[in-house]
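Peer 1:
In the UniProt record's numbering, the protein residues as written are 1 to 177.
Here's what the structure looks like:
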């Protein structure tokens, strides 16, 4: 028996096929443990035992490198390596060519996002957690670029008509100012 589901992962909708406990992303077969973004779908259909959606909460992330920012979501049980696979799908750089950082500390591939301190309390939709990204320097085996995240640009100053006005002054006093 086969079931088709749509798993919302970041800005992409990937089709997930559940067939005897196997999940496929983009026509690639992976085990349910590797299909972290589909755990709630698997749990609801009985395909994954022992993990309920309540235990596996969403975390919202901003992955930043130079002037590039990727907004994505994942489960707390997603490993750092699986997050690198998400970045690979967007930026077309293999996980082995990436290093991910939290507060200038290198994240280990085998750890989950929850183990690294990313929870539904620290990485909310309205305030996503920031992860730094560095790539391997082309043509080298073990040299990576320095972590660099450029600050966001400042918005332009508000026009005078949109600035809040002092409620204590009268209209004639405002005209004189």
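Glycine included, each C-beta is placed from N, C-alpha and C at the ideal position. Everything numeric in this text was worked out from a predicted model, so none of it was measured.
Please give me, in chain order, every unbroken run of the alpha helix (DSSP H) with length at least 4 that falls completely inside the segment 54–96.
Peer 2: Given a length threshold of 4 residues, each whole run of the alpha helix (DSSP H) inside the segment 54–96 is given here in chain order: 80–91.
Peer 1: From this set, 156, 165 and 78, which residue's C-alpha is nearest residue 244's C-alpha?
Peer 2: What is shown of the chain runs 1 to 177, which leaves residue 244 out entirely.
Peer 1: Tell me which residues share the same chain as residue 66 and place their Cβ nearer than 6 angstroms to its Cβ, disregarding the 5 neighbours each side in the sequence.
Peer 2: 148 and 150
Peer 1: Please list the terminal residues of the continuous beta strand (DSSP E) segment that includes residue 127.
Peer 2: Neither: residue 127 is in no beta strand (DSSP E) and is coded neither H nor E.
Peer 1: Within 8 angstroms (strictly less), CB to CB, does residue 160 reach chain D?
Peer 2: The question asks about chain D, but that chain is absent: this structure has only one protein chain.
Peer 1: Judging by CA-CA distance, which residue of 99, 92 and 91 is the nearest neighbour of residue 144?
Peer 2: 99
Peer 1: Tell me whether residue 29 sits in a helix, a strand or coil according to DSSP, three-state version.
Peer 2: Legend: pLDDT at residue 29 = 38, less than 50; position of this residue unreliable, no value from coordinates given.
Peer 1: Please report the residue range of the beta strand (DSSP E) in which residue 98 lies.
Peer 2: 98–102
Peer 1: Would DSSP call residue 46 helix, strand or coil?
Peer 2: With a pLDDT of 39 at residue 46, under the threshold of 50, the modelled position of that residue is not reliable, and no figure is offered here.
Peer 1: Using only the alpha-carbon positions, how far apart do residue 76 and residue 58 sit?
Peer 2: 6 angstroms
Peer 1: Just confirm the distance between the C-beta atoms of residue 73 and residue 61, as a whole number of angstroms; I'd bet it's less than 8 angstroms.
Peer 2: 7 angstroms
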